[in-house]
Structure formats: structure tokens, C-alpha cells
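Have a look at the structure below, then the notes.
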Amino acid sequence: LYPGSSCKLSTQYLIQDHMAAHYRKLLTSKAAVDSSAPSTLRTSIKYKDQKKKEQLIAAVEQFKKEIQRIRSASTLLPRSDSPKTH
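Just so we're aligned: the sequence shown equals residues 11 to 96 in my numbering.
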């Protein structure tokens, strides 16, 4: 296992097993830092108002795009120049 070592083979296997367990723990460990938003932020009125404002702005932008799409589609439709009377 470890060439040039004067340790017994059983000691080398014990060290190898210990290091394998150590690295396995390192690979499966999870971060100790909590990166989630604080609970006070979720209950904050200011935060809720900011989110509502962002949603309204997004809705207005979507509405503007829809209106523009409808207008451009209506210009492609054929129009009759004379109004029909019955």
C-alpha cells in the first residue's frame, strides 16, 4: 500500500480504512451555512409590497407586449375601404 513504510500491513490497512471513511464523510457532508431567506423577510410588509410592485410591473409589461402583438396582427388583416351599409 505505502511503499517504503516500515509499518505492519495491518496498520496500513487500518490507516487506509480510516482515511477512506474520512473522505467519505467529507464528500457527503452538507454546508453548515444557512443560505435561506430569514423568516422576518417573508413576513415583512415592506418586502410583500415590493414583491407586489414587481408583479404589477411585470403584468403591465406583459399587457403592453400583448397590445403591441394585437396591433401588429391587426395591421396584417385585410381591410375594406368602403363601409358596408344594409
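Cβ coordinates follow ideal geometry from the N, Cα and C atoms, glycine included.
A Cβ-Cβ distance of about 5 angstroms is found for the pair Tyr57 and Leu51, placing them in contact under the 8 angstroms criterion.
Ser82: member of the alpha helix (DSSP H) spanning 55 to 86, first to last residue. Taking C-alpha positions only, Ser54 is separated from Tyr23 by approximately 57 angstroms.
Rounded to whole angstroms, the gap between the alpha carbons of Ala83 and Glu64 is 29 angstroms.
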